[in-house]
Amino acid sequence: MTLETWQEKAQTERVQAASAMPQEWRLPESFLQKATQHAQKAILDIPRECRLLEEQDINTTENYDATALVLRGLPLASSRQPRW
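Residues 51 to 134 in this note's numbering are what the sequence shown spells out, letter by letter.
Take a look at the structure:
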């Protein structure tokens, strides 16, 4: 019996997680490639570029941290009704 390395185990888990996710929830491959190439900046741009969030939610996530949200009493995106 051979033991899996942590990298092999992680890859197995990634494959299982991806196969359980509905296709329509997945980001387009072009965004995933961009995220890999440009790391931090690309990841921060994905919600705006993919139109995953409404403009109010983008404004909230780009301009406030958790402390500021609590102090301002702004509703969190998850507390609103979903769009679908």
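All residues carry an ideal CB built from backbone N, CA and C; glycine is no exception.
Check: Taking residue 98 as the reference, which of 115, 66, 77 has the closest Cα?; Outcome: 77
Check: Could you check where the alpha helix (DSSP H) with residue 73 kicks off and where it finishes?; Outcome: No alpha helix (DSSP H) holds residue 73; DSSP gives it neither H nor E.
Check: Could you give the residue range of the alpha helix (DSSP H) that holds residue 107?; Outcome: 105-113
Check: For residue 83, tell me which candidate among 96, 115, 108 has the shortest Cα-Cα distance.; Outcome: 96
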